[in-house]
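**Q** 210 is the number that our numbering gives to position 184 of the sequence shown; each next residue is one higher, with no gaps.
Cβ coordinates follow ideal geometry from the N, Cα and C atoms, glycine included.
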Amino acid sequence: MSIAERRVTPRELVEAGFAVDAESFLRVYREVVDDGAARGTRVLTVVASGGLTLRVLLDRGMDIGQAWFDGYPVSWQTAVGEVAPGFVNGGQGWLDGWSGGLVTTCGLRNIGSPSEGEGQHGSFTDLPAQNVSITRRWLDDGQLAVDIEGMLFDASSLRGRLVVRRRITLATSSGELEISDRVTNESAIAEQTPILYHVNLGAPFLSADSVIAWRGWNDTERDGVSGTTDMGRPQLVDDRIVELSRDQGAGESGAVVTSPALGLIAEVLWDTDALPRLHTWQRWVPGSFAMSIEPANASLRGRAYDRAEGRAPMLAPGETRRTGVTVRLRKQRGCDITLKSSGSPAERKSHESSTSSWR
27 MSIAERRVTP RELVEAGFAV DAESFLRVYR EVVDDGAARG TRVLTVVASG GLTLRVLLDR
87 GMDIGQAWFD GYPVSWQTAV GEVAPGFVNG GQGWLDGWSG GLVTTCGLRN IGSPSEGEGQ
147 HGSFTDLPAQ NVSITRRWLD DGQLAVDIEG MLFDASSLRG RLVVRRRITL ATSSGELEIS
207 DRVTNESAIA EQTPILYHVN LGAPFLSADS VIAWRGWNDT ERDGVSGTTD MGRPQLVDDR
267 IVELSRDQGA GESGAVVTSP ALGLIAEVLW DTDALPRLHT WQRWVPGSFA MSIEPANASL
327 RGRAYDRAEG RAPMLAPGET RRTGVTVRLR KQRGCDITLK SSGSPAERKS HESSTSSWR
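Put into structure tokens, the structure is as follows:
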């Protein structure tokens with residue numbers, strides 16, 4: 027079969043002379059926003075052929091802003107929109123500068139409620155990236171991957187320095203986004219270092235017909251069982267926050283959210299040894315239909331509470347901790363989760379998972 031008679035990889039097309047260069051299949055545009063609340067901020071817009079399109083917010087902790095897959099928006103954006111750092115001013119001011127996006131990182135001094143002078147969810151997402159590099163590489167299957175790497179520094183003149191080395195990876199013909207972090211304590215004393223990955227899904231991916239399947243976790247406030255549950259039709263639910271409990275002996279861990287309306291599936295995966303706690307947040311009010319999946323290493327009650335409980339995540343001087351999250355989007359297959367029509371809240375039931383979507 028000739029190269030013109032079958033689906034070929036980017037590498038084959040480049041080597042056969044059909045494409046000028048590899049960048050034709052995986053573009054990374056460096057931008058500086060010149061208008062509005064985000065004016066002056068650095069952004070990388072990444073466009074992967076047959077895969078994801080997303081914005082890497084270099085001056086907002088290298089977090090992931092808006093994201094699209096198969097031509098559809100999958101992330102949730104708040105009414106604030108994309109903004110520059112500096113809107114966060116302690117207390118609950120984090121909300122004034124939160125634009126949403128696919129992944130917002132919280133920490134490194136606090137997550138959840140303000141505590142001991144540290145604001146809600148900390149200041150991670152206000153940290154500017156330094157030494158940013160962009161590296162493309164061929165994969166064994168002929169697809170093209172890109173690694174975006176940078177450093178973030180959480181420090182002040184009166185406390186120790188925490189250094190984050192972040193790597194963001196995605197590839198052509200793939201809906202997978204991988205964020206890998208190495209956090210090092212460069213101070214002379216042990217530091218409390220909570221971290222949380224706020225993965226935010228919104229319309230049109232998220233709708234009244236969406237289904238979420240927990241793997242290895244129990245939403246005890248809901249029904250006390252793990253498995254597959256329909257999201258239900260939008261109700262006036264403002265800030266429903268739940269910490270899920272880990273299934274004893276569970277091998278799998280993660281969440282699968284299905285969008286029957288678009289025929290798409292999102293999987294959120296992480297290492298439970300590094301991130302042993304899981305929170306979820308839902309907000310269903312007019313103009314704000316969102317859900318967040320939030321793997322973390324601490325509670326949402328603040329740093330003082332975690333220390334009192336004896337569960338505060340600590341880093342010794344010179345110690346490095348590795349954490350991260352993977353978001354995998356793909357098209358739905360016939361054997362994946364399907365949703366039965368949902369009615370009123372009283373009529374909604376949790377459905378045991380029979381999906382084969384988990385890989």
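(1) Rounded to whole angstroms, what is the Cα-Cα separation between R163 and Y331?
(2) Answer yes or no: do R241 and S213 have a C-beta to C-beta separation smaller than 9 Å?
(3) Since I believe L128 is in contact with V353 (beta carbons under 8 Å), could you give me their beta-carbon distance rounded to a whole number of angstroms?
(4) Using 9 Å as the limit for Cβ to Cβ distance, is D61 near chain C?
(5) Are the CB atoms of I221 and P339 nearer to each other than 9 Å?
(6) For A30, count neighbouring C-beta atoms within 10 Å of its own C-beta (all shown protein chains included) and say buried if the count is 16 or more, exposed if not.
(7) List the endpoints of the continuous alpha helix (DSSP H) containing A171.
(8) Taking the beta carbon of G346 as the centre, do at least 16 other beta carbons fall within 10 Å, making it buried, or is it exposed?
(9) Quick one: Cα of P260 to Cα of T284, how far?
(10) Might you give, ordered along the chain, the residues of its own chain that have their beta carbon closer than 6 Å to the beta carbon of E320, omitting 5 neighbours on each side?
(11) Tell me the rounded alpha-carbon separation between S139 and G133.
(12) In angstroms with no decimal places, state the Cα-to-Cα distance between E202 and V82.
(13) Can you check which of these residues, G176, L290 and V189, is closest to T195 by C-alpha distance?
(14) Compute the Euclidean distance between the alpha carbons of R53 and V73, then round it to the nearest angstrom.
(15) Look at the alpha carbon of S125 and the alpha carbon of E108, and state the distance between them as a whole number of angstroms.
**A** Taking the coordinates as given:
(1) 45 Å
(2) no
(3) 7 Å
(4) No chain C is present in this structure, which holds just one protein chain.
(5) Yes. Within cutoff.
(6) Confidence is the limiting factor: at A30 the pLDDT is only 46, short of 50, which leaves the residue's position unreliable, though a coordinate-based value still follows. The residue in question, A30, is exposed, as its Cβ has fewer than 16 Cβ neighbours within 10 Å.
(7) Note, A171: premise wrong, no alpha helix (DSSP H); beta strand (DSSP E) at L170 to S182.
(8) Looking at the sequence itself, residue 346 is Thr, so the reference to Gly does not match. Classification for T346: exposed.
(9) Bear in mind that a pLDDT of 48 at P260, under 50, signals an unreliable position, so the number given afterwards is only what the model happens to contain. Their backbone Cα atoms lie some 16 Å apart in a straight line.
(10) L222, H224 and H305
(11) 11 Å
(12) Whole-angstrom Cα-Cα distance: 15 Å.
(13) G176
(14) Between the alpha carbons of R53 and V73 lies a distance of about 5 Å.
(15) 5 Å
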